[in-house]
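Asker:
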Ligand SMILES: Nc1ncnc2c1ncn2[C@@H]1O[C@H](COP(=O)(O)OP(=O)(O)OP(=O)(O)O)[C@@H](O)[C@H]1O
Ligand SMILES: [Mg+2]
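Residue numbers (UniProt numbering): 1 to 275.
This is the structure we're talking about:
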């Protein structure tokens, strides 16, 4: 199939794991409508790690919600494995910007919850849940209720819930935003470890330029008003990513390029009047 070029200039071929095809989202307002996302075309390959950065309100969560099937595009389509997304699915694990835990369930109960829809036995569910809880460092809190956890621990519980289901696609919306700097770095390394071992496809939203570069093969920089893809920057650095790499001049160069693309965006030229 011939690649087609979307408005953002990113080619869209078949065979991508996730494919945004001129996918846009408008919200109705009292007067007119608001374009949160303007025809994004972007392909994410199977087992690719892509991060999304951009100013607040530029449509990052909206983009992720379209892939998650939690919102419907008003223009275009989103495809996963070539099929149009019409709702959430077990092959797509979502970690929300605002962690959503059931307050009446323990950490283990919350993590096991997503596994209840599978055909796994109770013992197997417990094993998978405990493995995920251990991965995020909450082993000693498996029986604790969310109200007794710190914000960062609640977030790690939400992450464990998504990991436990073993989804092919992880859609993560600022998952490490509530974590302290040290835990954040540990969680980044651990996410990269599981990604290398199990090779999921990851679409990861973050405000943090360092994090975006450290994790990804490609960084999608978005712009606001209307929300759109501004630039896609390749991160041509080898895996495994290490602390040494994080401190290297090559890393600094790419980080500066992304930083510049995020924080020094040209204002959108006003549309010429139609004559
Ligand atoms: N349900 C809604 N109704 C109206 N406008 C909305 C709705 N949801 C989002 N928006 C608007 O769409 C734009 C994009 O929102 P979105 O949450 O995707 O931004 P974001 O890039 O994730 O921001 P942040 O970095 O602050 O999380 C914002 O201007 C927001 O006000
Ligand atoms: Mg958001």
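Note that beta-carbon positions come from the ideal geometry of N, C-alpha and C, so glycine has one too.
Please read all numbers here as calculations on a predicted model, not as lab measurements.
Which residues bound the beta strand (DSSP E) around residue 26?
Answerer: 18-28
Asker: In the DSSP assignment, what residue or residues form a beta bridge with residue 254?
Answerer: In the DSSP output, where bridge partners are listed per residue, residue 254 has none listed.
Asker: Report the residue from 90, 205, 240 and 108 whose alpha carbon sits nearest the alpha carbon of residue 169.
Answerer: 90
Asker: May I ask you to check if the CB of residue 34 is nearer than 7 Å to at least one heavy atom of ligand 1?
Answerer: yes
Asker: Where does residue 15 land, buried or exposed, given buried means 16+ other C-beta within 10 angstroms?
Answerer: exposed
Asker: Among the candidates 107, 110, 108 and 64, whose CA atom is the shortest distance from the CA of residue 92?
Answerer: 64
Asker: Taking the DSSP output, what are the residues bridged to residue 92?
Answerer: 169
Asker: Cα separation between residue 37 and residue 55?
Answerer: 13 Å
Asker: Return no unless some Cβ of chain C is closer than 8 Å to the Cβ of residue 169.
Answerer: The structure shown contains no chain C; it holds only a single protein chain.
Asker: Under the rule that 16 or more other beta-carbon atoms within 10 Å means buried, what is residue 264, buried or exposed?
Answerer: Result: exposed.
Asker: For the alpha helix (DSSP H) holding residue 77, just list the boundary residues, first then last.
Answerer: Premise fails: residue 77 lies in the beta strand (DSSP E), 75-80, not in any alpha helix (DSSP H).
Asker: Measure the alpha-carbon distance for residue 248 versus residue 97 and round it to whole angstroms.
Answerer: 30 Å
Asker: Can you give me the Cβ contacts of residue 212 inside the same chain, cut-off strictly under 7 Å, excluding the 5 residues immediately before and after it?
Answerer: 51, 53, 206, 219 and 258
Asker: Cutting at 6 Å between CB atoms, please list the residues of its own chain near residue 176, excluding the five before and the five after it.
Answerer: The answer, listed in chain order, is 184 and 187.
Asker: Looking at ligand 2, does it come within less than 7 Å of residue 97, judged from the CB to the closest heavy atom?
Answerer: Answer for residue 97: yes, Cβ within range of ligand 2.
Asker: If you reduce the DSSP assignment to three classes, tell me which class residue 37 lands in.
Answerer: strand
Asker: How should residue 124 be labelled, buried or exposed, when 16 other C-beta atoms within 10 angstroms of its C-beta is the threshold for buried?
Answerer: exposed
Asker: Determine the direct distance from the alpha carbon of residue 215 to that of residue 116, and round the result to whole angstroms.
Answerer: 31 Å
Asker: Between which two residues does the alpha helix (DSSP H) carrying residue 125 extend?
Answerer: Run containing residue 125: 122-135, per the alpha helix (DSSP H) assignment.
Asker: Once the 5 residues before and after residue 108 are set aside, which same chain residues still bring their CB inside 8 Å of it?
Answerer: 126, 129, 130, 133, 142 and 143
Asker: Could you round the C-beta distance between residue 111 and residue 71 to whole angstroms and report it? I think they count as a contact, below 8 Å.
Answerer: Not really, about 26 Å apart at Cβ, beyond 8 Å.
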